[in-house]
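Note sheet for the following structure.
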Amino acid sequence: MRLQHEGTFLSLKPLKRSRALPPNEENMTETETRSVSMKVLCLGFSRTGTRCKSSALREALLTLGYVHTYHTTDAAFINTRDCQTWLKWLRAKHDGIGRVPARKDFDSLLGHCQAVCDMPAAYFAEELVAAYPDAKVVLTIRDVDKWHKSVTNTLEVVDTSILWATIGLFASLLRMPNRWNWPMFQKLHQVLYDHNFPQNGKASFEEHYARIRSLVPADRLLEYHVSEGWAPLCAFLGRPIPEDNDTPFINRTSEIDDKLLTMHMENLKAQGKRVLNICAYVALAWSVAQALRPVLERQNGRLWM
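Residues in the sequence shown are numbered consecutively from 6, following the numbering used here.
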């Protein structure tokens, strides 16, 4: 069996990290920062799953009754400061700089979630499996050649884009809320593919999947492919099949391209607005200084500006 989660660019709405316990939540062993039990770890690579009809795998799990599924989009678009945390953890695990995250750290970031999927979380498979020993693990699979082509046509375009690099640079210079996005995704690209996806992508993919299979006991692991529909996923998770029993996942690269374009434009508009605001403040300060100049000249007896 198997599963997938490539719905990275979707319609999203801001989410607050609720502290309230959902009804019927039982057998919880929680820290101060966890409000719901972690139930599902989806540890496949990005682009090994597909989009739901109108949303993402996170919505599929929500349909099955899970409070929230943490996805790449949470870090990239909703709680953008999360990228700073993931960047710190990536440096800790890959470069040995700082402390590798443990249960308490994950709870502080994922305490409102009952499931997690996609990168960068999947890179921390060992740490997540150890932190949440009662969570079930779903490994989304896909033919490696098809996966490689899919990433080449979508995510790799972003990772190697001059436009994205420029947006990332200006986001940092302008202190934009999303200024950690580009550094985090570039670090992830280094960690996974050593900045050479065409050459290293397939090997990294196969190594990751071999590691998950050796790490997780068979009775705790579901390998799931999109073509299997709801039945194996629901059986593994012990949830009833939704009444709308259509296959929950479809993949349209054109939709992802549209989302990327929209995201580009939103970033550019936000940065343009920030630049205009800075210019307005500078102009205001200059106007005030010019208005006060005669007074200051008289007081100081010299040219002030």
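Note that the Cβ used here is the ideal one computed from N, Cα and C, for glycine as well.
What does a CB cutoff of less than 6 Å around Ala25 pick up in its chain, not counting 5 residues either side in sequence?
Here residue 25 refers to the residue found at position 20 of the sequence shown. Residue placement at Ala25 cannot be trusted, given a pLDDT of 35 that sits under 50; the coordinates are not used to answer.
Whole-angstrom Cβ separation of Asp123 and Ser51, contact assumed at under 8 Å?
Here the question's residue 123 lines up with position 118 in the sequence shown. Here the question's residue 51 lines up with position 46 in the sequence shown. Yes, Asp123 and Ser51 are in contact; Cβ-Cβ is about 5 Å, under 8 Å.
Whole angstroms is fine: what's the gap from Thr90's alpha carbon to Asp249's?
Within the sequence shown, the letter at position 85 stands for residue 90. Within the sequence shown, the letter at position 244 stands for residue 249. Each residue's alpha carbon lies about 38 Å from the other.
Between the Cα of Tyr198 and those of Gly101, Phe111, Val156, spot the shortest distance and give me the residue it belongs to.
If you number the sequence shown from 1, residue 198 lands on position 193. Closest by alpha carbon: Val156.
Can you tell me whether Trp291 is buried or exposed? The criterion is at least 16 other CB atoms within 10 Å of its CB, across all chains shown.
Residue numbering aside, residue 291 sits at position 286 when the sequence shown is read from its first letter. Trp291 should be labelled exposed.
Going by C-alpha to C-alpha distance, which of Lys109, Gly101, Gly70, Leu115 sits closest to Asp79?
Mapped onto the sequence shown, residue 79 falls at position 74. Of the candidates Lys109, Gly101, Gly70, Leu115, the one whose C-alpha sits nearest the C-alpha of Asp79 is Leu115.
Using CA atoms only, rank isn't needed, just tell me which of Thr77, Val121, Ala65 is closest to Ser42.
Reading the sequence shown from its first residue, position 37 is the one you call residue 42. Comparing Cα positions, the closest option is Val121.
Under 7 Å, do Trp152 and Thr53 count as touching if we go by C-beta distance?
Mapped onto the sequence shown, residue 152 falls at position 147. Mapped onto the sequence shown, residue 53 falls at position 48. Cβ atoms of Trp152 and Thr53: closer than 7 Å.
Select from Leu193, Gln204, Ile246 the residue whose C-alpha is nearest the C-alpha of Tyr128.
Within the sequence shown, numbered from 1, the residue matching residue 128 stands at position 123. Checking every option, the nearest Cα to that of Tyr128 belongs to Leu193.
Identify the continuous alpha helix (DSSP H) that holds Thr145 and give its terminal residues.
Position 140 of the sequence shown, counted from the start, is the residue given in the question as residue 145. For Thr145, there is no enclosing alpha helix (DSSP H); the enclosing beta strand (DSSP E) covers residues 141-145.
Anyone know if the C-beta pair for Arg39 and Val142 falls short of 7 Å?
Locating residue 39 in the sequence shown gives position 34, counting from the first residue. Locating residue 142 in the sequence shown gives position 137, counting from the first residue. Their beta carbons are not under 7 Å apart, which means Arg39 does not touch Val142 by this criterion.
Check the C-beta distance from Leu46 over to Ala107 and give it rounded, since I have them as a contact under 8 Å.
Working through the sequence shown from its first residue, we reach residue 46 at position 41. Working through the sequence shown from its first residue, we reach residue 107 at position 102. No, Leu46 and Ala107 are not in contact; Cβ-Cβ is about 15 Å, not under 8 Å.
Which whole-angstrom value describes the C-beta separation of Gly49 and Thr145, a residue pair presumed to lie in contact below a C-beta threshold of 8 Å?
Here the question's residue 49 lines up with position 44 in the sequence shown. Here the question's residue 145 lines up with position 140 in the sequence shown. Sure, about 3 Å apart at Cβ, within 8 Å.
Does the distance from the CB of Asn186 to the CB of Ala81 come in under 7 Å?
By one-based count along the sequence shown, residue 186 stands at place 181. By one-based count along the sequence shown, residue 81 stands at place 76. A contact, by the Cβ cut-off of 7 Å.
Going by beta carbon distance, what residues of the same chain come within less than 6 Å of Arg323, once the five residues before and after it are set aside?
No answer is possible for residue 323: the residues shown for the chain start at 6 and end at 310.
In this structure, how does DSSP classify Glu248 when only helix, strand and coil are distinguished?
Translated into positions along the sequence shown, residue 248 becomes position 243. In this structure, Glu248 counts as coil in the three-state DSSP scheme.
Given this structure, state the Cα-to-Cα distance separating Val293 from Leu281, to the nearest angstrom.
Numbered from its first residue, the sequence shown carries residue 293 at position 288. Numbered from its first residue, the sequence shown carries residue 281 at position 276. Val293 and Leu281 have their C-alpha atoms roughly 18 Å apart.
Exposed or buried, what is Leu92 when buried is set at 16 or more other beta-carbons lying within 10 Å of its beta-carbon?
What you label residue 92 is simply residue 87 of the sequence shown in a count that begins at 1. It counts as buried.
By the 10 Å Cβ neighbour count, where 16 or more other Cβ atoms means buried, how is Arg184 classified, buried or exposed?
Position 179 of the sequence shown, counted from the start, is the residue given in the question as residue 184. It is buried - the Cβ of Arg184 has at least 16 other Cβ atoms within 10 Å.
How should Ala130 be labelled, buried or exposed, when 16 other C-beta atoms within 10 angstroms of its C-beta is the threshold for buried?
One-based indexing of the sequence shown puts residue 130 at position 125. Buried: at least 16 other Cβ atoms inside 10 Å.
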